[in-house]
Amino acid sequence: MEPIHFTSVIVPAFNSELFIGRCLRSLLHQSVNHDSFEIIIIDDGSQDRTAYAISQFCDPYESLIKVITNDTNIGLPASLNKGILASKGEYVVRVDSDDYVSKHFIEFLRFYLDSNESAGAVACDYVIINEKENIISRFDASKMPVGCGIMFHKKQLVDSGLYDPEFLCHEDRELRFRFKKKYNIEHLRLPLYRYREHKNGISKNNELMQHYKQKLISKHGPKAAF
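Each residue of the sequence shown is one higher than the one before, starting from -10 at the first, in this note's numbering.
Okay, here's the thing in structure tokens:
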């Protein structure tokens, strides 16, 4: 029997009281054994009841869930880096606190990496859902990538330099651009990730998105932004 590669799920959270419970329920009901993965939540200085919502899932799963609390808000990329560096998994995958995943999310992504030694990472397809969890549309992650639902070899992710803390938006594009210079991201054509669209999502802030798109172009050139 081949050894199971321990997996770390990184969940950044900021003022996520409304949705993080749904996220954690989906992760706690994965089709793989609880002793084969961990959930690392980084509470980035939330000012609502996020900490209370998280606490509802920390018993009896103390060994499964680890919570890192930032005293002040340090931003998404810096929080993600803290979670990755604190993780003990050979594989790491990011799930945002307002999203959720299929029960086969870890199983299928991990099986893909186990079965394809040439893959530096693998991204699954995703569906966009609204606040009532109705499916709006499905997307091909190889054509319309997002920052979540990509399982990386941790060693290769660290070697690529992790996230740039200066990119408070488009941090995923900036990381992928650097990662793909040395490693490949392969594609699993299964919609295992549920991406929630809601009025408070950062993607709704067009001014912020454009600012960091220009910053991305300044750092890496026009090809990095598309």
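C-beta: ideal position from N, C-alpha, C; glycine also.
Unbroken beta strand (DSSP E) runs of no fewer than 3 residues, entirely contained in the segment -10 to 31, are found at -4 to 2, following chain order. Per the DSSP secondary-structure output, F128 pairs in a beta bridge with Y115.
Across the structure, A108 and V81 are spaced so that their CA atoms are roughly 14 Å apart.
Scanning its chain for C-beta atoms nearer than 6 Å, with the 5 sequence neighbours on each side dropped, one finds around Y172 the residues G109, Q145, in chain order. Non-local C-beta neighbours of R38 in its own chain, meaning closer than 7 Å and more than five positions away in sequence, comprise E6, ordered along the chain. Taking a contact as a CB-CB distance under 8 Å, the pair T58 and D85 does not count as one, their CB atoms being some 18 Å apart. Two segments are said to touch when three or more pairs of C-beta atoms, one from each, lie closer than 8 Å; by this definition the segment 63 to 78 touches the segment 148 to 162. Taking the CA atoms as reference points, N195 sits about 27 Å from I30.
Closest by C-alpha distance to S52, out of M133, S20, A2, E27, is E27.
Around the beta-carbon of N123, fewer than 16 other beta-carbon atoms lie within 10 Å, marking it exposed.
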